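Per numbering that gives the first Met the number 0: the sequence shown = residues 0 to 351. We put the beta carbon where it would ideally sit given N, CA and C, even for glycine. Only a predicted model underlies this, so the values are computations on that prediction, with no experimental measurement involved. In what follows, a structure is listed as structure tokens, so that the remarks can point back to it.
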Amino acid sequence: MVPAWVALVVVTLGGVASAAQGAVNGELGERAGDATLAAVVNNLGGCLLVGLGVLALRSLRADLRGLRGARLPWWAYLGGLGGAAIVVLGAYVVPVLGVAVFTIAQVAGGSLGGLAVDRAGLAPVGRIAFTGPRLAGALLGVAAVTLAQLGQPVGDLALGVVLLAVVGGVAVALQSALNGRVSAASSAAAGVAVNFAVSTPAVLLVAALAGALTGPAPSWPDAWFLYTGGLLGVGIVASLVVGVRVVGVLRTGLLLVAGQLGGALVLDALLPGGPGVRLPVLAGALLTLAAALLAGRGSGQGRGWRTGRGVGRGSGRGDTVPAPSVGPAGLPTQSIRPDLGEPVDRPSGRRS
């Protein structure tokens, strides 16, 4: 198991990558004349990289084959739909709401979804109780992002469109949990591969239905860095997979947002024509880090689950690694088998 502090750093760096991805995808969509096309390029790039990894790495192929014996429920493999949903929703909702309101609504949905997903035990870290500090951390995270967006343009505050952005945040929380579940049954690389195998066809389908693939030929820019969204996306998904296996969905989401705000701060300061360092963004990033720390207070991770090959993480080749940690006094707790939905006993996980 990755140490908690390593997971926290990895997720925060994933947030920085997310800020960079948003910048390059936004610029690519603007130059190509269609944000949906930028989403297609992003997912195709990530899928291509994952495909090359599958061809080059025998261990990854073995991990993917091992999923056949993992006895995961079919819906555990659909995490990529959450990523596809937020990409597509962002393309259509941001022009209506503006980036500020969309970001706040998405983080609100992600915090709500993180609380619910952790409580349900969908992530591999197991069930995490709904506590006062976790609720306070979620609310502080939303307040921090709201502070960071002060002074940004606000579009039409249509309630239905705002709710779509909230749903997008919930979808990302589910994506993190389900991808983490797949990775715990095999490997982190396998979780990333399954994510892109599901998300890419979904984005292509939406683009086709929207007519983005059959319209006039877009004007593709020559700048190579505008096509790095897929590479960044692989890193982001991998960081989420690592985070949810150690600290749960809520804290992973808050740390990702903190990294996003920190990355946005750096981009604003370094990019030509950028607005420079903005104090609301800096304050928002620091408050979001505080929210992640607050959400971790008293969040005992006591309800794990089985992969179908035994308790804990398998290597993808049929073996298992028993869960090494126990909860307070080493008392066993009930957990949920993902294949049958039945409670089974195992020692609880460590506290965050």
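Environment of residue i [buried if 16+ CB atoms lie within 10 Å]
i, result
"G229", "buried"
"P271", "exposed"
"G89", "buried"
"R67", "exposed"
"S198", "buried"
"P371", "An answer regarding residue 371 cannot be provided, because it is not within the stretch 0 to 351 covered by the chain."
"G283", "buried"
"G28", "buried"
"T213", "exposed"
"R133", "buried"
"D62", "buried"
"G234", "buried"
"F224", "exposed"
"D117", "buried"
"L162", "exposed"
"F129", "exposed"
"G168", "buried"
"S17", "buried"
"V276", "exposed"
"P2", "exposed"
"L139", "buried"
"L278", "exposed"
"A157", "exposed"
Extent of the continuous alpha helix (DSSP H) to which residue i belongs
i, result
"T102", "V98 to A119"
"R60", "R57 to G65"
"P123", "No alpha helix (DSSP H) contains P123, which DSSP labels as neither H nor E."
"V23", "A3 to A31"
"T145", "G131 to A147"
Distance between beta carbons of residue j and residue i, contact taken as under 8 angstroms
i, j, result
"G13", "S238", "3 angstroms"
"F251", "V5", "Note on identity: in this sequence residue 251 is Thr, with Phe being the wrong assignment. Incorrect: roughly 13 angstroms between the Cβ atoms, too far for contact."
"V202", "V86", "6 angstroms"
"S218", "G25", "Actually they do not touch by this definition, with Cβ atoms about 16 angstroms apart."
"V141", "V106", "6 angstroms"
"T102", "A211", "Actually they do not touch by this definition, with Cβ atoms about 24 angstroms apart."
"V92", "F195", "Rounded, the Cβ-Cβ distance is 23 angstroms, inconsistent with contact."
"V381", "G78", "Not covered by the structure: residue 381. The range shown for the chain is 0 to 351."
"G258", "V15", "5 angstroms"
Below-9 angstroms beta-carbon distance, residue i vs any chain C residue
i, result
"A289", "Annotation note: the requested chain C is absent from the structure, which comprises a single protein chain."
Let me know the alpha helix (DSSP H) ranges lying completely inside the stretch 169-229, each 4 residues or longer, listed in chain order. DSSP runs (the alpha helix (DSSP H)) wholly in the stretch 169-229: 187-208.
Suppose only complete runs of 3+ residues qualify. What are the beta strand (DSSP E) ranges in the stretch 250-305, listed by chain order? The qualifying runs are 300-302.
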